[in-house]
Ligand code: SF4
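In my numbering, the protein residues as written are 661 to 832.
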């Protein structure tokens with residue numbers, strides 16, 4: 661077993677202390693760097709960096725980044741949800757590592773949505789109903805998988821459908 665355990669650190673967003681939800685770091689007992697190209701291949705990470713190595717992907721509606729000795733997860737409901745996701749990730753990491761001779765490792769990032777394309781679907785009123793200061797900030801977060809069409813209340817249904825289809829092209 662590559663990853664034997666972790667310790668959770670739960671905290672609120674420093675940038676948006678009024679925002680609902682919590683963030684979590686899982687500090688890992690073991691270095692999982694060698695497993696990350698296999699996790700990138702099996703879970704379809706949309707950002708893979710080589711130095712320092714990390715993989716980022718969206719799962720369960722959360723943005724998840726696995727570093728060599730830390731996992732970061734945003735926008736969690738509570739600690740029990742954090743525990744559920746981290747224990748699942750521990751199983752995925754160990755499974756990918758144990759099956760590595762059957763998996764082709766991936767060292768590339770998947771294509772990402774274009775910020776300017778996302779912006780085209782937004783009302784561009786900077787109304788802040790999404791808890792972000794501007795539509796541009798919303799677009800940047802949507803490109804990273806943190807926001808989606810359901811997080812912009814004033815967006816009309818037609819544009820919601822179009823944005824949802826566009827984002828779905830990128831594993832979201
Ligand atoms: S809710 Fe929509 S229109 Fe308002 S700032 Fe956010 S992205 Fe822009």
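Every residue gets a Cβ at the ideal spot worked out from N, C-alpha and C, and that includes glycine.
Cβ-Cβ distance between residue i and residue j below 7 angstroms
i	j	result
residue 716	residue 705	yes
residue 805	residue 718	yes
residue 696	residue 666	no
residue 750	residue 662	no
residue 765	residue 830	no
residue 769	residue 671	no
First through last residue of the beta strand (DSSP E) which encompasses residue i
i	result
residue 763	That residue, residue 763, is in no beta strand (DSSP E); it is neither H nor E in DSSP.
residue 671	666-671
residue 716	713-719
residue 744	Not the beta strand (DSSP E): residue 744 falls in the alpha helix (DSSP H), residues 739-758.
Distance, residue j Cα to residue i Cα
i	j	result
residue 763	residue 720	23 angstroms
residue 815	residue 758	45 angstroms
residue 711	residue 685	20 angstroms
residue 825	residue 807	14 angstroms
residue 748	residue 801	25 angstroms
residue 713	residue 752	17 angstroms
residue 725	residue 818	32 angstroms
residue 691	residue 727	9 angstroms
residue 821	residue 780	13 angstroms
residue 741	residue 823	28 angstroms
residue 792	residue 811	10 angstroms
residue 788	residue 760	45 angstroms
residue 729	residue 803	26 angstroms
residue 756	residue 776	35 angstroms
residue 746	residue 681	16 angstroms
residue 723	residue 809	16 angstroms
Which of helix, strand or coil DSSP assigns to residue i
i	result
residue 684	strand
residue 769	coil
residue 798	helix
residue 830	coil
residue 734	strand
residue 708	strand
residue 722	strand
Where the alpha helix (DSSP H) containing residue i begins and where it ends
i	result
residue 702	696-703
residue 780	775-781
*Is the number of C-beta pairs between the segment 789-797 and the segment 725-739 that are closer than 8 angstroms three or more?*
Because the criterion of three Cβ pairs below 8 angstroms is not met, the segment 789-797 and the segment 725-739 do not touch.
*asked:* With a threshold of 8 angstroms, are at least 3 pairs of Cβ atoms found where one atom belongs to the segment 782-792 and the other to the segment 690-702?
replied: no
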